[in-house]
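**Q** In the working numbering, the protein residues as written are 36 to 164.
Ideal placement from N, C-alpha and C gives every residue a C-beta, glycine not left out.
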Amino acid sequence: MEDPVIPEDLFYSEEHEWVRVEGDVAIIGITDFAQDQLGDIVYVDLPAEGDSVESGTVVGELESTKSVSDVFTPVSGEVIARNDSLEATPEVINSDPYGEGWLLKVRTTEEDVTSGLLTAEAYSALVSG
36 MEDPVIPEDL FYSEEHEWVR VEGDVAIIGI TDFAQDQLGD IVYVDLPAEG
86 DSVESGTVVG ELESTKSVSD VFTPVSGEVI ARNDSLEATP EVINSDPYGE
136 GWLLKVRTTE EDVTSGLLTA EAYSALVSG
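So, in C-alpha cells, the structure goes:
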C-alpha cells in the first residue's frame, strides 16, 4: 500500500477517525488508512440528527466487502448533520474520505475539542509503526 494520505490540518483518533474543527462544530470521517483497510464500503449506518454522542463510543458502523467496522465518535455533543448521500453511494468514503465522504457533523459540548486527539504527525507514526 502507498503511504496513506494524512492531511496536516485535521486531528485524528486512535480508532482511525479524523476531525475537522469549525468553531463549535466537529466534522468527522474515517481516514484514508481506515478506508484502505476496510476495502470497498457497501453500507453505512449513522446516528440520527439530534442524537447525543459521547466521545470514544460507537455511533454507527461501516460495512465493506471484507468486514463490518464500528464508527467511533472522537468528540462529545449533538449530531447536527449526517451525510445522507452515503446511503446511496457509500463508496464515496473510499474515493474521497476527507471530502465528500465525511460522516457526521457534531456540535461539541467540550471545552477543548482536540484534547486527546492525535496530530497528523502522531497519527502518521501510529499507522506506519
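If you draw a straight line from the C-alpha of residue 161 to the C-alpha of residue 122, how long is it?
**A** Each residue's alpha carbon lies about 30 Å from the other.
**Q** On the DSSP letters alone, give me the boundaries of the alpha helix (DSSP H) that residue 69 sits inside.
**A** 67–73 is the span of the alpha helix (DSSP H), which, as asked, contains residue 69.
**Q** Going by other Cβ atoms of all chains shown within 10 Å of its Cβ, with 16 needed for buried, is residue 77 buried or exposed?
**A** Per the 10 Å Cβ criterion, exposed.
**Q** Once you ignore the five residues that flank residue 109 on each side, which residues in its own chain have a CB closer than 7 Å to its CB?
**A** Cβ within range, chain order: 48, 52, 54, 63, 90 and 152.
**Q** Considering residue 78, what are the terminal residues of the beta strand (DSSP E) in which it resides?
**A** Unbroken beta strand (DSSP E) run through residue 78: 76–80.
**Q** Tell whether a beta-carbon distance below 7 Å holds between residue 143 and residue 83.
**A** No, these two residues do not count as a Cβ contact at 7 Å.
**Q** To the nearest angstrom, report how far apart residue 72 and residue 130 are at their CA atoms.
**A** Approximately 13 Å, taken between the alpha carbons.
**Q** For residue 112, list the residues DSSP reports as bridge partners.
**A** Beta-bridge pairing links residue 112 to 88 and 143.
**Q** Taking C-alpha atoms, which residue in 79, 42, 38 and 100 lies nearest to residue 106?
**A** Comparing Cα positions, the closest option is 79.
**Q** Would you identify the three-state DSSP class for residue 128, choosing helix, strand or coil?
**A** The answer is helix: DSSP assigns residue 128 an H, G or I state.
**Q** Kindly give me the distance between the Cβ atoms of residue 148 and residue 56, rounded to whole angstroms, as I take these residues to be in contact under 8 Å.
**A** Their Cβ separation, rounded to whole angstroms, is 5 Å, which keeps residue 148 and residue 56 in contact under 8 Å.
**Q** Identify, in the order they occur along the chain, each residue of the same chain with its Cβ nearer than 6 Å to the Cβ of residue 103, setting aside the five sequence neighbours on each side.
**A** The residues are 96.
**Q** Sort 124, 85 and 120 by Cα distance to residue 114 and report the nearest one.
**A** Ranking 124, 85 and 120 by Cα distance to residue 114 puts 85 first.
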